[in-house]
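Below is one structure, written out as structure tokens, with a few remarks after it.
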Amino acid sequence: MTKKLLILLFFLGSFFVQAQTLAWRTNMTDAIAISNEQKKPMLILFTASGVPENLQNEIFKTPDFAVWSRDNVVLVKLDLSDETASDGDKEQNVRLKNAFGVQDLPEVCYAIASVRKNKTTFSALGKISYKPGGAKSWIAESNNILHPSE
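Per mature numbering (1 follows the signal peptide of the UniProt record, and there is no 0), the sequence shown runs over residues -19 to -1, 1 to 131.
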């Protein structure tokens, strides 16, 4: 009996872990298409290897963030140190970092984008970086950026 219970708990636990896996996009073209299709803004994480992982560990790896992000944004991760990225993607990511005024990594920018005549136009909604206080506080600040009139 206890063996069956342990097996059941194992499967339920693995299902719960898989349910929290976030779908980060790394291709901006795909992210823009999904953002426009779902009518959700993009949460663009600018990061690189060797940067502090507080934002990842204390915010992005929480169940609260997983639920909130699924309902509110399209997740985009632009790793500026990704050696597997093409030269064109690396250049694009650096241009986006500069266009959004990102100075310290990691930092999150909220934006929407439109494509007309093969020209992409971004509308920045706001930026947020790591601040101590946990996921609920970070989500509240993000909601203020995404829904300023509420």
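Backbone N, C-alpha and C fix where the C-beta goes; we use that ideal spot for every residue, glycine too.
Quick caveat, the model's predicted, so the values are computed rather than measured.
- In the three-state reduction of the DSSP assignment, E122 falls in the helix class, which pools H, G and I.
- For L24 and D68, the gap between their C-alpha atoms comes out near 23 angstroms.
- Ranked by Cα distance from A12, the first of V48, V96 and T28 is V96.
- Between L77 and Y91, the gap from beta carbon to beta carbon reaches 7 angstroms or more.
- With contact defined as three or more Cβ pairs closer than 8 angstroms, the region 58 to 68 and the region 26 to 36 are in contact.
- In this structure, E88 is the residue among E88, T101 and S50 with its C-alpha nearest to the C-alpha of N35.
- DSSP lists T28 as the beta-bridge partner residues of D60.
- A92 has M23 and A105 as its beta-bridge partners, per DSSP.
- One Cα belongs to Q73, the other to P22, and the distance between them is close to 19 angstroms.
- Beta-bridge pairing by DSSP links V55 to M23.
- By the C-beta density criterion, V83 is buried, having at least 16 other C-beta atoms within 10 angstroms.
- The distance from the Cβ of D45 to that of A121 is about 11 angstroms, inconsistent with a contact at the 8 angstroms cut-off.
- Sequence-distant partners of V75 (beyond 5 residues in either direction) whose C-beta falls short of 7 angstroms from its own C-beta, in its chain, are L61.
- T102 and R6 have their alpha carbons spaced roughly 19 angstroms apart.
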